[in-house]
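Trainee: The sequence shown: position 35 = 35 (full-length UniProt numbering), numbered continuously. We put the beta carbon where it would ideally sit given N, CA and C, even for glycine.
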Amino acid sequence: MSSHEYQFNVAMSCSGCSGAVNRVLNKLEGVSDVKITLDDQKVIVKTAENVSYDTVLAQIKKSGKEVRSGEVVA
Numbered sequence: 001m002s003s004h005e006y007q008f009n010v011a012m013s014c015s016g017c018s019g020a021v022n023r024v025l026n027k028l029e030g031v032s033d034v035k036i037t038l039d040d041q042k043v044i045v046k047t048a049e050n051v052s053y054d055t056v057l058a059q060i061k062k063s064g065k066e067v068r069s070g071e072v073v074a
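Written out as structure tokens, the structure is:
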């Protein structure tokens, strides 16, 4: 099964922020892995093939955090 990997730069100032992002992403069906690095404010999301970049972006925005940038890695 094919998958996608997306990387986002998200404004997060504390572990509570990264926890909120992690929670909303893990609620999204098709997300297989979430890696969050608070130091460089990076969120890497691996998803099933049917989950689009826009879907993941919208889900991160539900956490109330500002998404500064994002890209499709794979």
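1. Going by DSSP, name the residue or residues bridged to Lys35.
2. Relative to the C-alpha of Gln7, which candidate in Lys62, Val56, Gly64 has its C-alpha closest?
3. Can you tell me where the beta strand (DSSP E) holding Gly16 begins and where it ends?
4. Using the rule of at least 16 other Cβ atoms within 10 Å of the residue's Cβ for burial, across every protein chain shown, is Thr47 buried or exposed?
5. Below 8 Å on the Cβ atoms is my guess for Gln41 versus Val10; work out the distance and round it to an integer in Å.
Mentor: Quick look at the numbers:
1. Taking the sequence shown and counting its residues from 1, the one referred to as residue 35 is at position 35. BP columns for Lys35 point to Ile44.
2. Position 7 of the sequence shown, counting from 1, holds the residue named residue 7. Per the Cα distances, Val56.
3. Here the question's residue 16 lines up with position 16 in the sequence shown. Run containing Gly16: none in the beta strand (DSSP E); it sits in the alpha helix (DSSP H), 15-26.
4. Working through the sequence shown from its first residue, we reach residue 47 at position 47. Result: buried.
5. To locate residue 41, count along the sequence shown from 1; it is residue 41. To locate residue 10, count along the sequence shown from 1; it is residue 10. Contact flag correct, Cβ pair sits at about 6 Å.
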